[in-house]
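Asks:
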Amino acid sequence: MIAQKVRFRLLDAIIVVALLGLAGWVYYRIAYGIEYKANWGVIPQYLLRRDGATGRLVANYLVEGLLTTLRLSVWSTLLAMLVGVLVALSRTSSSLFWRLVGGAYVETIRNLPPLVLIFIFYYFVIDQLMPLLGLDALLSSRSMGALRAIAWLFADPSLLTQLISGVITLAFFQGAYISEILRAGILSIERGQREAAWSLGLSKLDTMRFVIMPQVVRRVLPALANEFVNTIKYSSIASVVSIQELTFMGRQVVVATRAIFETWITVSLMYMTLTLTLSLFTSRLEQRLRARD
Amino acid sequence: MPSLPDIAPLAPSDAAAAPADDILIIEDVFKSFPGVEAVRGFSARIRRQEVVVIMGPSGSGKSTLLRCLNGLEQADSGLIIVDGIPLDDNHAHRLEIRQETGMVFQSFNLFPHLTVLENINLAPMRVRHKSEQEATARSMELLGMVGIADKASSYPAHLSGGQQQRVAIARALAMSPKIMLFDEPTSALDPEMINEVLDVMKDLARAGMTMVVVTHEMGFAREVADRIILMDSGSIVETGTPDTFFTNPREERTRRFLSQIL
Ligand SMILES: Nc1ncnc2c1ncn2[C@@H]1O[C@H](COP(=O)(O)OP(=O)(O)O)[C@@H](O)[C@H]1O
Ligand SMILES: [Mg+2]
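Quick mapping for you: the protein sequence lines, in order, are chains A and B. All letters in the first sequence, in the order written, are residues 42 to 334 by the working numbering. All letters in the second sequence, in the order written, are residues 2 to 263 by the working numbering.
1) What does the alpha-carbon distance come out to for the pair R99 (chain B) and R127 (chain B)?
2) Does L243 (chain A) have its Cβ less than 9 Å from a Cβ in chain B?
3) Between the Cα of L73 (chain B) and those of B:L115, B:M104 and B:F112, spot the shortest distance and give me the residue it belongs to.
4) Would you identify the three-state DSSP class for K32 (chain B), choosing helix, strand or coil?
5) Since I believe F106 (chain B) is in contact with E236 (chain A) (beta carbons under 8 Å), could you give me their beta-carbon distance rounded to a whole number of angstroms?
6) So which of A:G82, A:L179 and A:Y146 has the shortest CA-CA distance to Y218 (chain A)?
7) With a 10 Å radius around its C-beta and 16 neighbouring C-beta atoms as the bar for buried, classify S182 (chain A) as buried or exposed.
8) Give a yes or no on whether the minimum CB-CB distance between E236 (chain A) and chain B is below 9 Å.
9) Taking only beta carbons into account, state which residues of the stretch 115 to 146 of chain B come closer than 7 Å to chain E, listed in chain order.
10) For ligand 1, any of its heavy atoms closer than 8 Å to the Cβ of D184 (chain B)?
11) Spatial neighbours of P326 (chain B) within its chain, please: C-beta separation below 8 Å, excluding the five flanking residues on both sides.
12) What do you reckon, is the C-beta of S240 (chain A) under 8 Å from a heavy atom of ligand 2?
13) Rounded to a whole number of angstroms, what is the C-alpha to C-alpha distance between L130 (chain A) and R112 (chain A)?
14) Going straight from the alpha carbon of T298 (chain A) to that of V142 (chain A), what length do you get?
15) Buried or exposed for R139 (chain B), please, with buried defined as at least 16 other CB atoms from any protein chain shown within 10 angstroms of its CB.
16) With distances taken from CA atoms, which of A:L88, A:P255 and A:N271 is nearest Y98 (chain A)?
17) Under 9 Å between C-beta atoms, does G163 (chain B) make it to chain A?
18) Report the residue from B:L118, B:F258, B:G235 and B:L96 whose alpha carbon sits nearest the alpha carbon of V37 (chain B).
19) In this structure, does DSSP put A39 (chain B) in helix, strand or coil?
20) Taking C-beta pairs closer than 7 Å, name the residues in chain A that Q100 (chain B) reaches, listed in chain order.
21) Buried or exposed, going by whether 16 or more other CB atoms sit within 10 Å of the CB of W116 (chain A)?
22) If you draw a straight line from the alpha carbon of V252 (chain A) to that of R132 (chain A), how long is it in whole angstroms?
23) Is there a Cβ of chain A sitting closer than 9 Å to that of R172 (chain B), yes or no?
24) Would you say N71 (chain B) faces chain A, with C-beta separation under 9 Å as the test?
25) For chain A, find out if any of its Cβ atoms is closer than 9 Å to the Cβ of S108 (chain B); answer yes or no.
26) One question on the structure: do S276 (chain A) and L194 (chain A) come within less than 9 Å of each other, judged by their Cβ atoms?
27) For ligand 1, I want to know if L66 (chain B) counts as a neighbour, meaning its beta carbon is within less than 8 Å of at least one of the ligand's heavy atoms.
28) Quick check on this structure: which residue in B:R48, B:R167, B:I82 and B:M219 has the alpha carbon closest to the alpha carbon of L118 (chain B)?
29) On the criterion of 16 or more Cβ atoms from any shown chain inside 10 Å, does P125 (chain B) qualify as buried, or is it exposed?
30) Should P20 (chain B) be labelled buried (16 or more other beta-carbon atoms within 10 Å of its own) or exposed?
31) For chain B, is any of its Cβ atoms less than 9 Å away from the one on A231 (chain A)?
32) Give me, in chain order, the residues of the same chain whose beta-carbon lies closer than 7 Å to that of K152 (chain B); leave out the 5 immediate sequence neighbours on both sides.
33) For the candidate residues B:S154, B:F31, B:I180 and B:L190, whose alpha-carbon lies nearest to that of D338 (chain B)?
34) Along the beta strand (DSSP E) that carries D90 (chain B), what are the first and last residues, could you check?
35) Cβ of P157 (chain B) versus every heavy atom of ligand 1: is any distance shorter than 8 Å?
36) For E224 (chain B) versus T187 (chain B), is the C-beta distance shorter than 9 Å?
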C-alpha cells in the first residue's frame, strides 16, 4: 500500500472533542469579545428560495455554488485522470523523448502556484482556445433542449468559457499529481507480470489495459482518492476567475448579508459534505477490491 | 492425472517452412549484460516433439538463453529460428514467435486481479480474438487436464503454489503454442507440490509437446528428456541422452556438477 486509508480511531475522537472545545472558545470570543451578533436566520434563503412565478423551492446562491463546484470537480477529475494516465505512460515509456516531455510537464506544474496557473489558463483559454473550438458558434446553433442539457451538465452557456478554463486548469494541475501516483504504481508492479503478458503474445496496449493498470489502480486507490478530494478543495481557486462555484457564491452572500461567520461555516459544511461522501465511497470501493486477496 | 489427448495439434503441413524436423534452431547465440557475458555462443537444434532439459549451476545463463528464445531478451548476435520464423527485427516475426512459444516461470506470474479462468481466457480472447464462450470451453478443458477445474473462479492468491503453477501451464497452453519453455518451474515450490507440477509436464511431453525445460529434477529428466544439456558460463559443456549423461558423462565438469546436485 502506498498510502494508508483514512480510518476513525480513538485519537481522532480526542481530536474532534478538542476541536469542538476550540470552536466553542472561538465562538465565545466572537460573541462576547467583539460582540458579534450571529444571525443564522439569513442563511437558509441563500440555500433555497421560493420561485416567484411557480412558488416552488429552487436552488439559490449557495446550493447553485455547490452544484457548480460539483460539476467543476467531476469534469476536472475525469480529465485529470486522462491526463494523469497519459503522462504516467509517457514517463514510464521506453522512449527518452516521451519521458522528457512527461517530466517537464510534471516539474512545471508542481513548481507553479495553482493560482498563477489558473490566470494563465483563463486568459489563454478565453483568448486562444475558445475561438479555435468555435464554441460560440456551436452554442448558438443548438436547440433549447441541448442548451438546457449543457447548462445542467456544465454551466449556463454565458459562463461556459469560465467553467472550461477552470476545468482545464484543475485537470492539468491535478493531472500532474495523479500522474506521479500512477507512475509510482506502474513501477511497483513486478516485472514478471509484463513478462507473462509478453509471453502470451499480448500487445503493449492490452498489457497496460488488462494486466498492469487494473493492478495499479487497486494499489494506488487510497492515494488517488486523496487527490480527488484535493480537486474538490482546489476548485475553490476557480472563484478568482468568476466561476460561480461555492467559494465565489460564499463571498457574494457575505457581501450581501455581512454574516461572515455564518456564511463561511455553512460553506465549510457544504464542502465537507462533498469530500466526506467521496471518502466514504472510495473506502467502500477499496474494501470491495481488497476482498479478492 | 487425466491424459492429454489434444495438446498442440501438430499439423505436418506447417513443417513446410522449417527444414526437416527442427522446430527450433539456435545458432551461436551471444547475450551480455553490462559486466556479464550471460550466454556465450550457444547452439542447438531441437526437433519436433523433443523434450530437452537444460541443467547448469546458478548464473550459467540458462534463464537468459530461454528468455532469448521467445524475445523477452534480445540476443546480441546469433540466429534463432522458431518453426521456420527467424527471430529478427521484423515486428511481425517477433510477435508470431512469442504467440507460438509458451513460457512458464519459476514465480508463476499469474495475474492476481483476475480469476483462474480469466487468467487463462485473456490471451485467447485478446490475441486470438476468440469469443468468451469459445475461450472458456477450451480453458475449462485445460483446467481439467491440469486437475484443477474446481478452482476456475478462484483468485490466484487463494491457490497453493503447485496449483498456481498448474494454472500458469494451462494459461500458456491456451494459446496452443508449438513450443513450451519452462524456467525452473518447480524451484519455488514446497517439496510436496513438486510432483503435481512435474506430472502435468510429463503428460504434456507424452502428448507430443516440444519442450525446453530448465530444471534440476533428475527424476523428471531421466523419465521424459530426450536430451540433456549441461550449461556453464553461458555455453554448452555436454549434451547427451539421460542414460549417458547421468551414468557415463564424458566431461569432468559434468561429473562435478552431478555430484553437487545428487
Ligand atoms: N537483466 C539482467 N541484467 C544484468 N545481468 C543479468 C540480467 N539477467 C541475468 N544477468 C546475469 O547474467 C548471468 C546469467 O544469469 P541467468 O541467465 O539468470 O542464469 P541462470 O538462469 O542459469 O541462473 C548472471 O551473471 C546474471 O547475474
Ligand atoms: Mg535462472
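For each residue, glycine too, the CB sits at the ideal point set by N, CA and C. Fair warning: this is a prediction, and the values are worked out from it, not measured in the lab.
Replies: The structure says:
1) 14 Å
2) At least one CB of chain B lies nearer than 9 Å to the CB of L243 (chain A).
3) If we check each option's Cα against that of L73 (chain B), B:M104 comes out closest.
4) If DSSP states are grouped into helix, strand and coil, K32 (chain B) belongs with the strands.
5) 7 Å
6) A:Y146
7) exposed
8) Taking Cβ atoms only, chain B reaches closer than 9 Å to E236 (chain A), which makes this a yes.
9) Looking for chain E here will not work: the only protein chains present are A and B.
10) For ligand 1, at least one heavy atom lies less than 8 Å from the Cβ of D184 (chain B).
11) The question about residue 326 (chain B) has no answer, for chain B in this structure spans 2 to 263.
12) No - ligand 2 has no heavy atom lying nearer than 8 Å to the Cβ of S240 (chain A).
13) 27 Å
14) 49 Å
15) Counting the other CB atoms within 10 Å of its CB gives R139 (chain B) a total of 16 or more, which places it among the buried residues.
16) Going by the sequence as given, residue 98 (chain A) is Leu instead of Tyr. Nearest option by C-alpha distance: A:L88.
17) no
18) Each of B:L118, B:F258, B:G235 and B:L96 was checked against the Cα of V37 (chain B), and the nearest Cα belongs to B:G235.
19) In the structure shown, A39 (chain B) sits in a strand (DSSP, three-state: E or B).
20) G242
21) buried
22) 18 Å
23) yes
24) For N71 (chain B), the answer is yes, since a Cβ of chain A falls inside 9 Å of its Cβ.
25) Interface annotation, S108 (chain B): in contact with chain A, CB-CB separation under 9 Å.
26) no
27) Yes, Cβ of L66 (chain B) sits closer than 8 Å to a heavy atom of ligand 1.
28) B:R167
29) buried
30) Only weak support is given to the placement of P20 (chain B): the predicted model assigns it a pLDDT of 49, under 50, and the value that follows is read from those uncertain coordinates. Exposed: under 16 other Cβ atoms inside 10 Å.
31) Sequence check: residue 231 (chain A) is Glu here, not Ala. For E231 (chain A), at least one C-beta of chain B is nearer than 9 Å to its own C-beta.
32) V117, L160 and Q164
33) Summary: the structure shown does not reach residue 338 (chain B), with chain B confined to residues 2 through 263, and so no result is reported for it.
34) No beta strand (DSSP E) holds D90 (chain B); DSSP gives it neither H nor E.
35) no
36) no
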